[in-house]
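Trainee: Numbering (the numbering used here), first residue to last: 2 to 98.
Glycine residues also receive a C-beta, built at the ideal position from the N, C-alpha and C atoms.
Sharing a structure here in structure tokens format.
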């Protein structure tokens, strides 16, 4: 069953571009193994970044959570955010009619 993950990052508004640039230069979305992934930038809150990933199943998502490179990416995001980042994560299964 398809799974959607939504990672919400809160960073200082003046560091948002650095975080987005890090995601791009490190190729995090491409490295995750997600079947599709995107970054969305909140219009009303310039410090909020949403990362949306689609996975073929929970097992594929859990593989990404356990990947050693994920820790390296998290450290890079923290550096790009100047050490001031909070993250929350939600996972959803996709149901079709």
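What are the boundary residues of the beta strand (DSSP E) that includes residue 54?
Mentor: For residue 54, the uninterrupted beta strand (DSSP E) run begins and ends at 49-56, by DSSP.
Trainee: Start and end of the alpha helix (DSSP H) containing residue 20?
Mentor: 17-27
Trainee: Using CA coordinates, which residue listed in 91, 59, 42 and 81 is at the minimum distance from residue 4?
Mentor: Answer by Cα proximity: 59.
Trainee: Taking buried to mean at least 16 other C-beta atoms within 10 Å of its own C-beta, is residue 54 buried or exposed?
Mentor: buried
Trainee: Taking DSSP's pairing of strands, which residues face residue 92 in a bridge?
Mentor: 6
Trainee: Pairing CB atoms from the region 83-90 with CB atoms from the region 29-39, are three or more of them under 8 Å?
Mentor: no
Trainee: Evaluate residue 37 with the Cβ neighbour count: other Cβ atoms within 10 Å of its Cβ, from every protein chain shown; 16 or more gives buried, anything less gives exposed.
Mentor: exposed
Trainee: Output the distance between the C-alpha atoms of residue 71 and residue 40, rounded to the nearest integer angstrom.
Mentor: Near 16 Å, if we compare the C-alpha coordinates of residue 40 and residue 71.
Trainee: Can you list, in chain order, the residues of its chain whose CB lies under 7 Å from that of residue 23, leaving out five sequence neighbours each side?
Mentor: 77, 78 and 81
Trainee: So, helix, strand or coil for residue 87, using DSSP?
Mentor: strand
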